[in-house]
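Numbering (the numbering used here), first residue to last: 139 to 220.
Right, here's the structure in full:
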């Protein structure tokens, strides 16, 4: 839900701060799932219908792709001088 929220915010306000917040959120989701895998904690255990193995993989891959895209957008971004 955090990634969807920042995606909606990005559609409304295309600023560097929003891109950075989205990148930090995506990296946080990946870190949460990696940490959860290391200590046998399932971040999706409280999800409606229970946790499915493929859901965690999709969440991590989507968040990683979002972080990479946000990084590319920030690297190639040129702020207007106005």
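Even glycine gets a Cβ: it sits at the ideal position worked out from N, Cα and C.
Can you give me the C-alpha to C-alpha distance between residue 206 and residue 161, rounded to a whole angstrom? Rounded to whole angstroms, residue 206 to residue 161 spans 8 Å at the Cα level.
Reduced DSSP secondary structure (H/G/I, E/B, other) of residue 179: Residue 179 carries a coil assignment under DSSP once its states are collapsed to helix, strand and coil.
Spell out whether any CB of chain B is found under 9 Å from the CB atom of residue 177. Absent from the structure: chain B. Only one protein chain is present.
Is DSSP giving residue 190 helix, strand or coil here? Correct three-state label for residue 190: coil.
Check for me: the alpha helix (DSSP H) holding residue 145 runs from which residue to which? Unbroken alpha helix (DSSP H) run through residue 145: 140-150.
Please classify residue 191 as buried or exposed, where buried requires at least 16 neighbouring CB atoms within 10 angstroms. By the neighbour-count rule (16 or more Cβ atoms within 10 Å), residue 191 is not buried but exposed.
Considering Cα atoms alone, identify which of 194, 158 and 210 is closest to residue 173. Closest option to residue 173, Cα to Cα, is 194.
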